[in-house]
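With UniProt numbering as the guide, the letters of the sequence shown map in order to residues 1 to 111. Beta carbons are placed, not taken as given, at the ideal position from N, Cα and C, and that holds for glycine. All remarks here apply to the structure that follows.
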Amino acid sequence: HRFCIPVFEEFFRRIVEGGYAHLVKTFNGSFRTRFIKGTKSLSTHAYGCAIDINAEWGRRGHIFPHQQDRYPRRKVIDEGLLIFGVIWETMGGIWGGRFNPTDAMHFQWAE
1 HRFCIPVFEE FFRRIVEGGY AHLVKTFNGS FRTRFIKGTK SLSTHAYGCA
51 IDINAEWGRR GHIFPHQQDR YPRRKVIDEG LLIFGVIWET MGGIWGGRFN
101 PTDAMHFQWA E
């Protein structure tokens, strides 16, 4: 979405200037017409207000490092996504790492 472009540009600028660009492994999309899984509501991706980064390392249900003892068989959220989540939330964005179940690859600028 044209109103989200400057926000995403600022997000990536902060990643680069913070020295974290090497932690961006994959960019997995932005605009895509689809529904939120299990609902009939359009995803924020359908409005061009969400992006996915490092999808393989932050899929739905991945856990935070401090949860490893409790869920030893689950995959842990990538370090880069944890850092990106802090940057994004500092900017006022909504990070999928706070969703239940987690979706740490997801960064959206609208509710």
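The Cβ-Cβ distance between Gly-96 and Val-24 does not fall below 9 Å. By the C-beta density criterion, Gln-108 is buried, having at least 16 other C-beta atoms within 10 angstroms. Within the DSSP bridge table, the entry for Ile-94 names Gln-108 as partners.
The C-beta distance from Cys-49 to Ala-110 rounds to 4 Å, short enough to fall under 8 Å.
Between Met-91 and Glu-10 a beta carbon distance of about 7 Å is seen, short of the 8 Å cut, so the two are scored as contacting. Burial check for Asp-69: the Cβ neighbour count within 10 Å stays below 16, so the residue is exposed.
The bridge partners DSSP lists for Ala-50 are Gln-108. Closest in alpha carbon position to His-45, among Gly-29, Tyr-71, Ile-53 and Ala-55, is Gly-29. In the three-state DSSP reduction, Val-86 falls in the helix class (H, G or I). Cβ neighbours of Thr-26 within its own chain (closer than 8 Å, five residues either side excluded): Ile-53, Asn-54, Ala-55 and Glu-56. Annotation for Val-76: His-62, Ile-63, Pro-65 and Gln-68 place their beta carbon closer than 7 Å to its own, counting only its chain and skipping 5 residues before and after.
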